[in-house]
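*Asks:*
Number of protein chains: 2
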Amino acid sequence: MKKPELNNKDHVKLARFAKALSHPTRLFILKFLSCCESCYTGNIVNELPIAQSSVSQHLKELKEAGLIDGTIETPKVYYCINKKNWELAKKMFAKFF
Amino acid sequence: MKKPELNNKDHVKLARFAKALSHPTRLFILKFLSCCESCYTGNIVNELPIAQSSVSQHLKELKEAGLIDGTIETPKVYYCINKKNWELAKKMFAKFF
DNA sequence: AATATTAATCGTATATTTGCGATGAACTAT
DNA sequence: ATAGTTCATCGCAAATATACGATTAATATT
Numbered sequence: 001m002k003k004p005e006l007n008n009k010d011h012v013k014l015a016r017f018a019k020a021l022s023h024p025t026r027l028f029i030l031k032f033l034s035c036c037e038s039c040y041t042g043n044i045v046n047e048l049p050i051a052q053s054s055v056s057q058h059l060k061e062l063k064e065a066g067l068i069d070g071t072i073e074t075p076k077v078y079y080c081i082n083k084k085n086w087e088l089a090k091k092m093f094a095k096f097f
Numbered sequence: 101m102k103k104p105e106l107n108n109k110d111h112v113k114l115a116r117f118a119k120a121l122s123h124p125t126r127l128f129i130l131k132f133l134s135c136c137e138s139c140y141t142g143n144i145v146n147e148l149p150i151a152q153s154s155v156s157q158h159l160k161e162l163k164e165a166g167l168i169d170g171t172i173e174t175p176k177v178y179y180c181i182n183k184k185n186w187e188l189a190k191k192m193f194a195k196f197f
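If you read the protein sequences in the order shown, they are chains A and B. Once you know that position 41 of the first sequence is 41 in the numbering used here, the rest is easy, because the numbers rise by one and skip nothing. Start counting at 1 in the second sequence, then tack on 100, and there's your number in the numbering used here.
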């Protein structure tokens with residue numbers, strides 16, 4: 001097997017995905033989005049014991065990591081899994097192990 | 101699909117693994133351990149541009165997450181992948197996606 | 001125009017992470 | 001005994017993460 005490189009681009013990308021997955025609340029949100037029809041921020045907030053602003057922060061992080069997308073349907077925001085990056089992350093984790 | 105639970109034990113465990121994987125240096129170390137014969141701390145330090153104390157810190161985190169084991173062979177310390185937990189993490193990530 | 005709804009963002013507090021150099025512990029070799 | 005090797009830990013600084021209440025922005029309703 002070949003020697004790994006530091007700051008290998010894949011490692012940076014994978015680390016980014018891993019970071020997004022590194023908090024139980026975010027794992028919960030991802031699972032929730034992957035199984036429910038109503039995926040507005042409010043629906044997620046209702047399922048969690050933390051403040052709306054905190055949920056919003058977690059959603060922002062998942063969005064910045066590319067794992068979810070948000071669509072404004074004023075005054076609500078609809079969230080869903082970004083399937084392309086979800087598959088990419090899945091593949092990258094599978095490849096890593 | 102059933103509704104996810106907050107603080108689901110699997111989520112806490114998976115988040116722990118994800119956190120261990122959330123830094124490029126740690127991904128590098130894991131890859132290095134999984135492909136090299138000489139896996140003493142010094143070998144790893146030599147491959148990285150960061151201080152020995154920082155590497156030691158990353159090794160500690162990987163160890164606490166259960167992904168690696170360290171064996172003292174004074175004055176060196178030999179590190180290797182903890183295969184049981186490695187497989188467990190692999191399965192948990194695969195199941196999650 | 002005034003009010004209500006929804007969700008992001010701001011400001012703040014606290015905790016954790018990351019990195020470093022210096023030091024210490026456990027030996028080995030001279 | 002002294003010096004050298006290897007690696008963990010300490011103490012510190014800076015950056016980042018987590019959570020909260022309050023505020024703001026965008027829009028719909030009355």
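Glycine included, every Cβ here is placed at the ideal spot set by N, Cα and C.
Between the Cα of B:Lys-195 and those of A:Phe-96, A:Lys-95, A:Lys-90, spot the shortest distance and give me the residue it belongs to.
*Replies:* Checking every option, the nearest Cα to that of B:Lys-195 belongs to A:Lys-90.
*Asks:* 8 Å is my cut-off, CB to CB: does A:Ser-22 come that close to chain B?
*Replies:* Yes, because at least one Cβ of chain B sits closer than 8 Å to the Cβ of A:Ser-22.
*Asks:* Any C-beta of chain A sitting closer than 8 Å to the C-beta of B:His-158?
*Replies:* Not one chain A Cβ lies under 8 Å of B:His-158.
*Asks:* Within the 8 Å Cβ cut-off, does B:Lys-190 reach chain A?
*Replies:* Interface residue, yes.
*Asks:* Could you check the C-alpha separation between B:Arg-167 and A:Pro-75 for me, to the nearest Å?
*Replies:* Residue identity differs from the one stated: residue 167 of chain B is Leu in this sequence, not Arg. Answer to the nearest angstrom: the Cα atoms are 45 Å apart.
*Asks:* Do A:Val-55 and A:Ile-72 come within 8 Å of each other at the CB atom, strictly closer than that value?
*Replies:* Contact: no.
*Asks:* Cα separation between A:Met-1 and B:Phe-132?
*Replies:* Caution is warranted here: a pLDDT of 45 is assigned to A:Met-1, below 50, making its placement in the model unreliable, and the coordinate value is therefore given only provisionally. Near 10 Å, if we compare the C-alpha coordinates of B:Phe-132 and A:Met-1.
*Asks:* Please report the straight-line C-alpha distance between B:Glu-164 and B:Ile-181, rounded to a whole angstrom.
*Replies:* Taking the straight line from one Cα to the other gives about 12 Å.
*Asks:* Any idea what DSSP makes of A:Gly-70, helix, strand or coil?
*Replies:* A:Gly-70 falls in the strand class under three-state DSSP.
*Asks:* Within the segment 14-40 of chain A, note down every full alpha helix (DSSP H) run reaching 4 residues or more, in order along the chain.
*Replies:* Fully enclosed alpha helix (DSSP H) runs of 4 or longer: 24-33.
*Asks:* Is it buried or exposed for B:Ala-118, if we count other Cβ within 10 angstroms and need 16 for buried?
*Replies:* The residue is buried, with at least 16 neighbouring Cβ atoms inside 10 Å.
*Asks:* For the alpha helix (DSSP H) that B:Ala-151 lies in, which residues bound it at each end?
*Replies:* Where B:Ala-151 is concerned, there is no enclosing alpha helix (DSSP H), given that its DSSP letter is neither H nor E.
*Asks:* Starting from the C-beta of B:Lys-109, find all residues in its chain whose C-beta is less than 7 Å away, skip the five residues before and the five after it, and write them out in chain order.
*Replies:* Contacts found: none.
*Asks:* Just to confirm, is the Cβ distance from A:Phe-93 to B:Phe-193 under 8 Å?
*Replies:* Yes, Cβ-Cβ distance for A:Phe-93 and B:Phe-193 is below 8 Å.
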